[in-house]
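Structure first, commentary second.
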Amino acid sequence: MNTAPDPRPVDDSAIEGHVYKVFPSDLNAHYSVFGGKIMATCDRLALVVAERHSGYPCVTASVDSFHFRAPAKDGDTLIFQASANRTFRSSMEIGVRVMAENSYTRDTRHIVSAYFTFVALGEDQKPVEVLDVKPVSENQKRRYREAGIRRDSRLAMREQIRSGKDQV
Ligand SMILES: CC(C)(COP(=O)(O)OP(=O)(O)OC[C@H]1O[C@@H](n2cnc3c(N)ncnc32)[C@H](O)[C@@H]1OP(=O)(O)O)[C@@H](O)C(=O)NCCC(=O)NCCS
């Protein structure tokens with residue numbers, strides 16, 4: 006008899022529309038939103054998704070990629086979306102997408118895509134196994150597939166570095 010718990014649907018832990026209104030104090034010397042501020046919010050939201058999905062305290066293990074596609078400006082409304090793309094054993098890939106909205110016209114721009122890996126920790130502070138993700142929509146299935154590609158590439162790169170290949 007299979008006693009493994011059912012995979013948890015992506016929507017159960019996702020954050021759909023966390024909004025943040027940009028004020029002048031959020032800007033850098035180029036008058037666009039300071040990237041570190043956006044990164045910190047993404048990390049915080051992705052943590053909530055990882056903890057909701059796994060039911061354990063989680064830590065950020067790595068950030069695979071963080072793409073700033075376009076700047077956000079004073080007066081924009083930032084809209085954050087975060088969801089669990091895939092889980093492995095104790096680790097989970099959480100994807101975050103940020104849109105900038107002009108709230109007068111409702112025009113939106115895609116400004117950030119980022120992929121975080123979180124690890125769930127048990128009471129002994131050691132990595133603990135987490136539930137699988139159940140992708141339902143076509144987008145969720147695509148993200149699930151792509152998370153596997155990123156994981157394979159991350160492990161291959163780690164192995165290559167460990168084995169000292171391509172040493173100069
Ligand atoms: C992340 C951490 C818990 C991993 O612990 P570890 O003893 O290396 O654990 P393991 O080697 O058994 O790996 C556990 C999982 O973490 C994953 N992992 C470890 N390092 C990783 C990295 N740099 N990137 C992505 N995944 C990583 C492993 O692939 C493994 O995943 P799996 O169980 O799904 O196969 C540990 O390195 C740590 O505590 N790091 C500090 C975290 C931190 O302080 N974050 C910032 C503040 S929250």
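Residues are numbered in the numbering used here as their position in the sequence shown, beginning at 1, plus a constant of 5. Where is the CB? At the ideal position from N, CA and C, for every residue including glycine.
A distance of 8 Å or more separates the beta carbons of G100 and F73. A89 is classed as buried because its beta carbon has at least 16 other beta carbons within 10 Å across all chains shown. It is roughly 42 Å from the alpha-carbon of S37 to the alpha-carbon of S168. Shortest gap from the CB of A66 to any heavy atom of ligand 1: under 7 Å. By the neighbour-count criterion, in which 16 or more other beta carbons inside 10 Å mark a residue as buried, H35 falls on the exposed side.
Listed as beta-bridge partners of A119 by DSSP are F71, V101. Comparing alpha-carbon positions, the option among F93, K146, R111, L32 lying closest to A55 turns out to be F93. By the Cβ neighbour-count rule, S108 is exposed, with fewer than 16 other Cβ atoms within 10 Å of its own. The Cβ atoms of L50 and H23 sit closer than 8 Å to each other. Judged by DSSP secondary structure, L160 falls outside any beta strand (DSSP E) and instead within the alpha helix (DSSP H) spanning 143-167. The C-alpha of K26 lies about 15 Å from the C-alpha of D112. In terms of Cβ geometry, P62 and L136 do not form a close pair [threshold 8 Å].
The C-beta distance from S70 to Y149 rounds to 17 Å, too long to fall under 8 Å, and the pair is not in contact.
Here the C-alpha atom of T46 lies approximately 12 Å from the C-alpha atom of V117. For H23, the secondary structure class from DSSP, reduced to helix, strand or coil, is strand.
For N107, the beta-bridge partners assigned by DSSP are D112.
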